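Protein chains in written order, with the UniProt record's numbering: chain A, 1 to 669; chain B, 1 to 669; chain C, 1 to 669. Below you'll find the structure, written out as structure tokens, and then a few comments.
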């Protein structure tokens with residue numbers, strides 16, 4: 001990327017009256033230098049089957065180009081027109097809940113050939129038309145693509161073929177998935193039942209994996225189409241999103257981000273997060289780390305909130321804080337969804353930079369300052385490079401299988417609760433980290449790998465982790481890791497299975513803790529924080545040192561948390577769900593042992609620091625104040641220049657940040 | 001109406017054994033002078049297609065007439081026989097949940113021609129048979145008619161024709177509803193998708209309006225049939241009901257009461273309300289005000305509770321209090337659902353005046369005293385006339401659109417919560433009020449109009465309200481008023497749109513309050529009551545005076561509640577959801593300014609007073625004690641006669657009411 | 001039964017590798033002397049339509065026989081193979097939710113002739129093959145059989161025929177069920193609507209009764225098939241289960257246990273219960289009493305938990321306590337579901353004696369001690385005979401009808417809450433009791449019958465209970481008893497109907513209590529325990545003595561709890577839902593009056609005592625400590641021998657029990 005992009009999604013099609021020039025004036029005032037268009041309006045661009053109308057695209061491209069604003073064009077395939085569904089009702093995905101109903105976006109069967117035919121035609125029409133337009137810098141294929149739980153008979157058929165290709169024989173399937181149970185055994189390919197009703201977690205998890213593959217395939221196919229027209233200076237991206245809990249929360253269950261992002265030139269994401277008093281920056285950091293890690297490169301924030309809905313209107317200063325937090329994680333683009341609030345339909349309260357009156361307002365006014373700073377500091381801040389020494393190993397497979405085998409009948413916690421339990425504490429400790437997935441090849445460059453709830457993993461991966469420890473790496477596992485193989489079959493050796501070797505422990509029993517705490521409060525936290533919850537394994541140490549055991553009349557002899565030296569490295573094992581405070585203490589200890597404790601760790605949330613090297617090879621340090629109180633601290637890093645003010649910063653100097661404020665320091669070489 | 005009617009629903013068909021004469025004896029003892037029959041038992045009256053048996057109707061009519069009890073005959077169309085559904089399964093309404101299942105009442109497609117054919121035939125058969133019977137004083141068409149969410153393909157077809165008739169072109173529809181969004185644009189009439197799955201709030205709200213029109217049309221059609229047979233002294237009525245929250249709560253979402261009541265001679269309603277410690281009289285008053293306002297006339301309470309279900313058995317005295325409260329709101333009839341508790345089926349615990357043992361009981365015994373008083377005081381109390389100076393403007397369209405665009409993802413509050421927030425406080429202040437809807441022509445006779453959450457309204461209506469203020473009227477708006485036009489399209493001018501002119505304010509931002517209170521507690525309420533919740537608009541006053549602003553570190557500069565002089569009148573704007581206590585204070589101030597504060601307002605809940613002129617033109621004042629404690633106060637109105645005791649009441653005299661007691665004072669001329 | 005059986009369910013088919021000999025070694029070490037096999041694996045035994053493979057059965061039978069372990073063979077019909085459903089999709093039960101989906105067990109229409117054809121064929125094939133194998137001691141037909149809500153058109157057709165057979169005419173049906181209500185009257189058999197959508201509680205309850213009859217018929221049919229092959233020394237049993245609330249809780253709604261168990265040689269049940277701090281033994285006792293009462297004989301616990309899921313892993317000592325508690329209720333067999341934890345599929349966390357590592361573990365190690373004690377003490381403990389003087393009369397019909405007519409709209413309580421309210425207090429009082437149902441013939445041998453919420457009952461039964469009291473029996477009724485007849489038609493005489501005679505009371509009104517307590521705290525319990533909740537009847541005593549009345553400003557004159565002498569006996573009536581503490585006090589008083597108070601009642605939970613006569617005619621007394629604290633008490637019964645230690649126990653001697661400990665005393669003759 002040559003410069004920082006500051007953008008908005010722009011829908012000329014939604015405008016209540018023609019105000020393109022007026023909007024462009026307001027954009028330029030705010031430093032908006034890129035707009036994203038066209039991904040949502042297939043029915044406008046193809047009002048009838050084979051009748052095309054790209055006039056709104058043309059006029060926006062021309063006007064933007066004239067104004068010096070660049071454009072990312074989306075393929076409009078994630079929301080299908082009425083005529084298509086009327087003509088081919090079965091284009092709507094059939095799910096476990098039955099056939100679909102027209103109305104929402106993201107409701108089609110992404111494997112349906114009629115849909116694919118129409119999608120290919122509009123993609124070719126649109127991209128061929130715009131590819132040589134000077135305003136166009138890139139393309140987005142589709143939007144927030146997922147599989148939409150498509151599971152109709154045609155998808156089932158593909159799945160059976162996929163299973164046969166993978167396992168060759170039904171005996172192998174029956175064995176790997178344990179289908180004898182409850183008479184689920186399949187003895188002839190014709191008998192393969194629809195997976196919709198299955199109660200077999202291995203079969204169900206395999207189907208989820210297959211569905212994720214459908215997404216990867218679909219996106220790869222779109223990219224291949226767009227690539228036929230793409231000009232050398234243009235890029236293709238996707239807008240990935242995350243597990244949604246009313247906001248971006250964790251690992252996306254329905255997409256394998258690492259696999260799906262391969263064909264793209266650059267990864268894009270949307271990140272929506274709590275605001276006002278609940279703004280922490282964690283989702284910005286998590287989503288950014290995930291996006292950056294997919295290709296170990298800079299990424300685009302294609303969508304994030306401006307005003308969004310009612311409880312997210314930012315306090316003064318927060319919009320700025322958010323924008324630069326994205327840059328600090330490695331983003332080269334920050335774009336709002338969306339420019340203007342919509343006057344009808346569904347997301348009317350998911351407000352844009354402009355309210356429905358389409359006039360400047362306090363949030364827009366703050367955006368102006370961001371746009372100016374982006375432009376002014378682009379050379380210094382673009383293409384920030386990271387070299388993290390810590391990583392979190394996450395696993396789509398484990399996410400799925402823990403959905404099948406929940407912690408308990410009552411528990412609403414899932415895999416991402418464990419991921420976030422570790423991620424959040426690393427974030428608060430200012431440990432920059434990458435995310436890696438089971439396909440990772442190179443891990444030896446990391447000093448510390450944290451492995452939350454790796455419930456489902458191949459022997460190969462677990463042995464690789466043992467080897468990593470043996471060769472001097474530090475690993476922290478949580479409970480449930482190593483339990484099942486890649487087919488969600490529980491290992492038949494003592495748990496935690498293969499990693500027992502590096503961890504120096506074993507267990508046979510596990511229970512749901514009720515009023516259990518860690519004996520003698522080993523991490524000196526509050527009594528409430530010393531409680532364990534949701535899950536506890538009754539661990540017997542072999543060679544491991546016991547860091548904590550349970551305070552319980554019957555389970556007191558078992559270990560809760562252990563540490564083991566194995567080869568040149570250390571493996572820590574956390575056998576129970578602990579509080580944030582205890583997790584923080586465990587991680588802090590491990591971080592220190594891994595040699596990663598430094599001055600940034602002396603700061604702590606709400607003082608968040610992120611760093612990297614800019615194109616000139618200089619260290620850029622961001623320090624953010626994620627709180628409603630001003631804060632002051634002593635700068636211990638090398639002297640440099642604070643880029644927003646241009647003032648020199650000396651080592652040892654006191655710096656004061658307003659509430660929700662931040663500084664950006666470029667160190668001297 | 002010539003006299004007060006005291007009635008019950010009576011189902012000879014449900015009786016476990018023949019006890020018609022025994023029932024009539026008990027009715028006469030209790031002063032029951034009217035029964036409502038036949039609306040629920042189509043399958044008894046037409047046991048097979050085209051085979052009719054009105055013997056239970058005939059025998060009840062004859063016996064009642066002999067006993068001097070009048071009869072209202074219902075058309076039995078709201079519950080369909082088994083033979084009909086077996087023969088024409090598609091008579092059952094298809095809804096968003098799919099085809100219907102036989103069993104409950106109110107499950108048919110009220111537009112289905114087979115249903116209409118059978119309904120017309122039984123109506124003609126039954127009404128022609130009974131019309132000249134001397135016992136019959138009137139008819140009820142159907143019962144609690146609604147549209148039952150009918151939305152099958154045939155209804156969809158009618159809707160598309162309705163849309164075309166209304167908008168003429170699809171361009172107009174696409175524009176008004178913003179259908180470009182998410183590719184929902186419709187470019188050919190054949191493509192019009194079933195509205196069942198729509199995510200477009202404008203389209204969905206229009207469909208709800210269309211469904212309400214179906215109810216209006218269906219009832220009008222029934223009335224036209226009955227009118228062919230109706231004798232000059234007879235009336236036709238309907239039994240309207242209200243938003244149901246386990247009891248009658250607020251504006252009915254599925255019926256446009258004002259439009260639907262037009263063809264009827266007199267409006268009827270059912271009103272069910274909490275009892276025992278939760279009896280407040282509010283639902284009696286609200287339902288009565290709505291019913292009376294539909295035709296600006298007296299009305300019938302066709303159903304209200306006797307014992308109803310287990311938590312509603314009235315305390316001693318409450319049944320009397322309730323009956324006279326209905327009269328005080330303008331009812332000419334109070335009828336129980338129902339005479340006897342049913343021994344089988346579904347509403348077995350929705351008990352009648354008689355328990356299942358069909359013998360006198362404490363509740364029945366209290367009814368005896370009511371029947372006697374009704375008979376004795378009928379001339380004094382019948383046809384009470386009201387001349388209210390305050391009105392609440394409600395809107396079915398706003399109810400629907402706020403259902404589409406909820407206050408927040410979590411909030412369970414809806415439009416009726418706002419309606420009731422203002423209604424309840426006016427009630428407790430003893431401000432008699434009418435209900436008016438957007439079709440209202442004449443509003444200048446009111447001194448005060450309260451407008452809760454008028455989210456959806458035409459320019460015409462809002463300008464009319466501006467004009468009303470300009471000419472000296474007082475209006476109180478709550479938040480969300482004026483936001484969208486009649487197509488649920490958000491206005492593109494600064495909010496609150498057209499009414500900004502009269503209100504002298506504007507806002508661009510709105511948020512969900514968390515721990516926000518009104519600065520400096522301007523209404524001197526408790527700290528808890530000073531909190532705002534659910535919704536807050538960040539208001540900038542223009543010409544308006546700020547009555548309250550927010551106590552919040554970031555939103556403190558914005559106004560919460562404002563008042564503006566505009567022309568000769570005053571417009572108050574409440575920009576946030578406030579407590580009952582704050583609403584009370586705001587309304588009290590406005591009531592005083594509108595010149596409506598008088599001696600009745602010095603009393604307050606639980607002392608509730610209602611008044612009106614009787615046929616002799618004398619002022620009748622009811623004073624009710626809605627509490628479990630006796631209460632005493634000084635009578636400040638003119639001297640007169642307490643009608644229950646016949647004793648004189650002097651101005652200035654102390655009056656004492658037992659718990660749940662009341663007096664009725666007829667003033668001297 | 002010749003000896004105590006200690007068993008496990010064993011699934012060779014689920015094993016991840018061949019370990020039959022290894023498993024048998026471990027079983028023998030643990031004293032396992034019986035395994036249950038084959039009931040879940042139809043698709044393994046009949047991999048394709050008509051292709052059979054019983055190799056896993058054969059090899060297990062041979063190996064077990066060689067090891068001296070006996071085998072119970074199950075008919076594998078409760079989980080259907082994929083090929084069958086693929087070939088005949090309509091074998092899956094159609095329910096109110098529509099057609100079924102393949103995957104789970106217990107999803108078929110047990111009346112479908114194709115299913116019955118296949119079931120009969122595999123039963124004949126399997127049972128004929130194994131019947132003469134020396135390892136086989138008995139058979140289990142199907143498993144946890146229920147009707148799976150089957151209600152498709154074919155079932156509906158059978159139901160209509162059943163109705164016609166039972167009622168002869170539609171007039172009788174319309175009358176008994178009150179179908180005139182809401183036009184539900186059926187006037188021609190062809191019109192009979194699917195009962196799926198019915199709102200008529202009488203019709204719905206009759207359908208539930210019919211569905212229970214389907215289960216009885218299906219099981220009887222299976223037994224008749226197995227009996228054709230059964231050898232003289234073999235038995236046939238079923239595995240009944242209970243209302244499920246995450247564990248076995250109360251009366252099974254879907255099966256009439258007494259009727260269904262008739263064709264079996266011996267009743268079997270599964271019992272799953274809370275553990276760890278929540279272990280009380282109540283479910284063990286309740287399930288055992290129900291099983292024993294079905295045939296007034298000893299029974300088999302075919303399944304109970306070993307480790308089960310995560311919150312049920314037993315504390316040390318609990319597995320022993322549980323096993324002997326089963327024996328103390330009259331079980332002759334205790335078997336775990338299951339031997340080994342399963343590595344795939346669905347019940348992966350419903351763990352067996354062995355964890356997934358298939359190695360000895362603390363729970364298995366405790367089982368070893370049980371197996372040894374079972375073997376050592378078998379002659380003393382097998383075939384324990386009971387002679388209870390107290391009984392609880394339960395009713396499937398009342399369970400169903402209270403589901404139709406719930407206590408209130410909000411209440412989640414059902415019939416079983418009332419059953420357990422009385423059962424639990426009798427249990428804690430060490431009153432051994434039988435369960436009897438409305439089919440009971442002989443009740444005069446009981447001194448006390450407790451009748452919870454007998455909402456639905458025939459005149460005959462109620463008159464029989466009146467007669468029982470008259471002749472000297474003691475009955476305790478709770479609220480709601482006697483309310484409706486066997487067609488769920490409310491009685492038209494004053495409530496509680498026919499039993500008013502023995503109870504000497506009547507009531508017409510009932511309400512939902514809010515902050516109501518018993519006046520003057522007659523049972524001297526805590527204030528919280530003195531509250532009544534959920535339901536209260538406003539009782540007027542006739543001849544009855546008032547034991548408690550309501551503390552309420554309006555209902556204070558009504559009785560809450562009464563006692564009446566009638567003939568030579570006493571009838572107590574409890575008109576409201578009371579706390580456990582109050583129920584305990586009421587029951588204690590009644591127990592004393594019935595002459596059932598003795599030394600065992602001086603002990604109390606957590607000291608639980610059970611007794612009976614062994615085959616030698618000697619009194620066996622079990623005393624269990626259901627607590628986490630050691631306890632000591634004085635032995636007041638006759639001297640004897642403590643069987644576990646072999647030590648003499650003298651009358652008057654102090655005995656000390658460890659936490660979760662127990663003793664078994666065989667009295668001297």
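In this text, a Cβ means the ideal position worked out from N, Cα and C, and glycines have one as well. Only a predicted model underlies this, so the values are computations on that prediction, with no experimental measurement involved.
Supposed contact pair residue j and residue i - C-beta distance, whole angstroms, cut 8 Å
| i | j | result |
| --- | --- | --- |
| residue 352 of chain C | residue 31 of chain C | The Cβ separation is near 16 Å, so there is no contact. |
| residue 77 of chain B | residue 122 of chain B | 7 Å |
| residue 355 of chain C | residue 557 of chain A | With 8 Å as the limit, residue 355 of chain C and residue 557 of chain A do not qualify as a contact, their Cβ atoms being about 17 Å apart. |
| residue 411 of chain C | residue 534 of chain C | 6 Å |
Collapsed DSSP secondary structure at residue i in the structure displayed
| i | result |
| --- | --- |
| residue 610 of chain B | strand |
| residue 466 of chain A | helix |
| residue 79 of chain A | coil |
Cα-Cα separation between residue i and residue j, rounded to whole angstroms
| i | j | result |
| --- | --- | --- |
| residue 192 of chain C | residue 347 of chain B | 21 Å |
| residue 103 of chain B | residue 505 of chain C | 37 Å |
| residue 493 of chain C | residue 608 of chain C | 43 Å |
| residue 511 of chain A | residue 316 of chain C | 14 Å |
| residue 413 of chain A | residue 153 of chain C | 41 Å |
| residue 95 of chain B | residue 39 of chain C | 43 Å |
Pick from the options that is closest to residue i, judged by C-alpha positions
| i | options | result |
| --- | --- | --- |
| residue 673 of chain A | A/241, A/200, A/90 | Coverage of chain A is limited to positions 1 through 669, which leaves residue 673 of chain A absent and any answer about it impossible. |
| residue 120 of chain B | B/92, B/549, B/222 | B/222 |
| residue 343 of chain C | C/7, C/14, C/1 | C/14 |
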